[in-house]
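Undergrad: In the numbering used here, the protein residues as written are 124 to 597. Glycine included, every Cβ here is placed at the ideal spot set by N, Cα and C. Predicted model, so just to flag it, every value in this text is computed and none were measured.
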Amino acid sequence: MAPPVSLNPTLASLYSLDGGNSDEVALIYAVPHPTKLAKSLPVSVKYAYQAPRMANQSRPADIMALCCLGSNASVLRLRKQLLMEKIASSGVVAQYFAFVTGPMDLHLFDLDNAPTNRADAQRVYESIEESQRPRLHFVEEAEKFAALPQKKACVTPMDFLQGHEPLVDLDAHWDLLSKRSLALSDLPSPPTQVIDSKWVPGDAVSESGLEQEVARMLAPIEAHDLPFVVKMPHGLGSHAVFMVRNEERRAMCLQVLGDELPSMLQTWTLTGDSKTPPSLLLQELVSGPSLGISVFITKKGGPIFISCVDQVLGDDDCWAGGLVDYTQQEALGAHYRETIERVAAYVYARGYWGPMGVDVMTDETGQQLIIDMNIRHTGDLTLGMMKHHFWEKNDLPLAWLDPCVFVRGNRDQFEETFRDDLESGGLVITGWSHVPNAGSEGGDSYSFCALLAGAKDKERLQQIIDRVALQRVT
């Protein structure tokens, strides 16, 4: 039997620092999405993330179900594509983020047609020491959650929380999440050209005018010397970031943005704020690895350093996980202390407190440059907060995370395959969602899971990563 996971700190303990009280806070974990993913999760239009590099999100429910019943390789890839945003918003990624909650109220959204959803989440948190488990609730009706007397702490703003006691003002939070805000701030970041739309809310939209505005905004990207980076103001997991190193990538970037900008502009004219126009950011490409620094800003603005993680990017340059060396954290925290304190003062002055992440690169002169700020709970934060379990309790100094692994089979089968790793404490399941309808009529079953693994050295860590890769369905 796997040993219970022991956490120190937890979000509950962090929210209670400096005059805070975690009992007065209700965590609600999901990512806003422009389409309807579940009955319990209202569509966010004002606070909708941009993810133009992901496949089209508007898919009929019957197509979703059909894909869940298929079994050949092409259908499996489509199934993964179809379900990823649903699972990420309400399932395995939300569970993973919330794994370090501790003893405070945690609310997750129910998934439609997923009868194992609640049992999956409950089983995930049963692996935590009983006194540190979250007080888990499931949202069936968003209006009832919004009416709770507690302050609502969300990963990112959601439209339905407007006027319902969010912990942080939603507009202020959304502005801090904008890459445009970072580019216009006095924080050290790479040279960036901000390409704002010239439209204002309420403008009449004509087809010819829309085409002209899109062409105007894309013109600097067409002309800029290689290499460079293009960003949209609100993106998650690098799905709105383009690393343009050659002409082929430039053409892809222009095509994707040419498809995305019209709807972005049209939506903004109806719901937007003139202070934050639709924009593109054209940024100098800084070479070198990016480190993800996780921090918790207390109620009085004090920055608590959590971790510094090497970020893992997939073949598409999108965030795919992280690696951490717990023995180096004290030194890294000291090395980046000035940057951390400066960022903390910046976000606190604008009304934010809670978990956040900042991605930092060091240029050839030694200057620390902020590549991105994620003013929210990040994937790296959970990995950093597992230091007590892996390093202090089980003497495993290195750890790895993969936030969303698609595997064949159910959780029992997975646990049997990795029994020794789980029982030693070296592998922790921090999220699990069975794919709805898969496995019916005698077919294979499939699941998404979030995993953390710890090891004594790089060789042994790579061995467990490789064994997990063998179970992955691509």
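1. Note down, in chain order, each residue of its chain lying with its Cβ closer than 6 angstroms to the Cβ of Pro356, except the 5 sequence neighbours on either side.
2. Helix, strand or coil for Pro426 per DSSP?
3. Apart from the five residues on each side of it in sequence, which residues of its chain come closer than 6 angstroms, Cβ to Cβ, to Glu263?
4. For Ser331, does the count of other Cβ atoms within 10 angstroms reach 16, so buried, or fall short, so exposed?
5. What would DSSP say about Val612, mapped onto helix, strand or coil?
6. Check each candidate in Ser410, Val432, His500, Pro520 and name the one with the smallest Cα separation from Asp486.
7. Can you find the residues in the same chain that come closer than 7 angstroms, C-beta to C-beta, to Gly474, ignoring five residues on each side of it along the sequence?
8. Would you call the region 267-287 and the region 446-463 touching, i.e. three or more CB-CB distances under 8 angstroms?
9. Could you tell me the boundaries of the alpha helix (DSSP H) in which Met340 lies?
10. Where does Pro289 fall in DSSP's three states?
11. Can you look up Met187 in the DSSP assignment and give me helix, strand or coil?
12. Hey, out of Ala265, Gln378, Ser136, whose CA is closest to Tyr152's CA?
13. What separation, rounded to the nearest whole angstrom, lies between the Cα atoms of Ser139 and Pro132?
14. Going by C-alpha distance, which of Pro165, Asp433, Cys527, Val128 is nearest Asp282?
15. Is it buried or exposed, Val447, if we count other Cβ atoms within 10 angstroms and call 16 or more buried?
16. Where does the unbroken beta strand (DSSP E) through Thr485 begin, and where does it stop?
17. Out of curiosity, what's the CA-to-CA distance linking Arg460 and Leu584?
18. Per DSSP, Val447 is paired with what?
19. Please return the same chain residues whose Cβ sits closer than 8 angstroms to the Cβ of Gly437, not counting the five positions on each side in sequence.
20. Please name the residue in Pro280, Asn144, Gly480, Leu231 whose C-alpha comes closest to that of Phe268.
21. Please confirm if Gly415 has its CB atom under 8 angstroms from at least one CB of chain B.
22. Between Asn240 and Leu137, what straight-line distance do the alpha-carbon atoms span, to the nearest angstrom?
23. Tell me whether Gly437, by its Cβ, gets closer than 7 angstroms to a heavy atom of the ligand ADP.
24. Can you look up Asn240 in the DSSP assignment and give me helix, strand or coil?
25. Out of Ser386, Gln434, Leu307, which has the shortest C-alpha to C-alpha gap to Ala171?
26. Leu199: buried (16+ other C-beta within 10 angstroms of its C-beta) or exposed?
27. Please list the terminal residues of the continuous beta strand (DSSP E) segment that includes Thr553.
28. Decide if Lys354 is buried, meaning its Cβ has at least 16 other Cβ atoms within 10 Å, or exposed.
TA: For this structure:
1. Ser301, Lys302, Arg303, Ser402
2. strand
3. Ser163, Asp233
4. exposed
5. Because the chain is modelled from 124 through 597, residue 612 falls outside the range shown and cannot be assessed.
6. Ser410
7. Val291, Asp292, Ala295
8. no
9. 330-346
10. strand
11. Residue placement at Met187 cannot be trusted, given a pLDDT of 31 that sits under 50; the coordinates are not used to answer.
12. Ala265
13. 11 angstroms
14. Pro165
15. buried
16. 477-485
17. 29 angstroms
18. Ala522
19. Ala443
20. Leu231
21. This model lacks chain B altogether, as it is built from one protein chain only.
22. 28 angstroms
23. As presented, the structure is devoid of all ligands, the ligand ADP included, so that no description of it is given.
24. helix
25. Ser386
26. Residue placement at Leu199 is poorly supported in this model, since its pLDDT is 44, which falls under 50; the coordinates still yield a value, given next. Leu199 should be labelled buried.
27. 550-557
28. buried
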